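One structure is given below, encoded as structure tokens.
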Amino acid sequence: MKELVELHQAFYDAIERGDFQAMSEIWAEDTADRVPKCVHPGWPMLSGRSEVLRSWALIMANTPYIQFVLTDVEANVFGDVAVLTCAENILTAPGAGEPGFAAGRVVASHTYLRTEDGWRLWLYHGSPVLQGEEDGRA
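According to UniProt numbering, the sequence shown is numbered sequentially starting from 1.
Next comes the structure, spelled out in structure tokens:
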């Protein structure tokens, strides 16, 4: 379980640092019977390692500053599959010389697979929490 929690944190650390190499090491490889999938908030589903990683490269290249405070982290392991859920409390800032910050909240599900190389991320799904929905009601 410790390895999973560390990998989960490494995912967010990679985004904060804009570290594409670290992000690449977290995601599972495509195989004949499964391909990684990713749903960013407000995006259509992305399928396949190259498409998923291309999306993260785009996000990292266009996000000068981002910080995550994770809450409500829960992990469940079912044999060679693990599901981690959390709330991403996000703070972003525009580029140099531009004033202001923006904050938001996303609930996220991560599905990891145990591979020969250890745990790897197979599915990420993030959904924005709209203002007024914190208590489960709109």
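Quick reminder that beta carbons are idealized off the backbone N, C-alpha and C, glycines included.
Since we're looking at a predicted model, the values are computed, not measured.
- For H40, there is no enclosing beta strand (DSSP E), as DSSP marks it with neither H nor E.
- Cβ atoms of N89 and V69 come within 8 Å of each other, at about 4 Å.
- Per the DSSP secondary-structure output, E74 pairs in a beta bridge with T85.
- Counting only residues of its own chain and dropping the five nearest sequence neighbours on each side, H125 has a CB closer than 6 Å to the CB of V39, S109.
- Assigned with DSSP and collapsed to three states, V69 falls in strand.
- In terms of CA proximity to A103, L130 leads the group S50, F20, L130.
- T85 and Q67 have their C-alpha atoms roughly 18 Å apart.
- With fewer than 16 other Cβ atoms inside 10 Å of its own Cβ, L91 counts as exposed.
- Pairwise C-beta distances place the segment 3-11 in contact with the segment 71-79, as three or more of them are shorter than 8 Å.
- A direct Cα-Cα distance of roughly 10 Å separates D117 from I26.
- Cα atoms of V35 and A93: separation of roughly 33 Å, rounded to the nearest angstrom.
- Shortest Cα-Cα distance from A82 to any of E16, T111, D13 involves T111.
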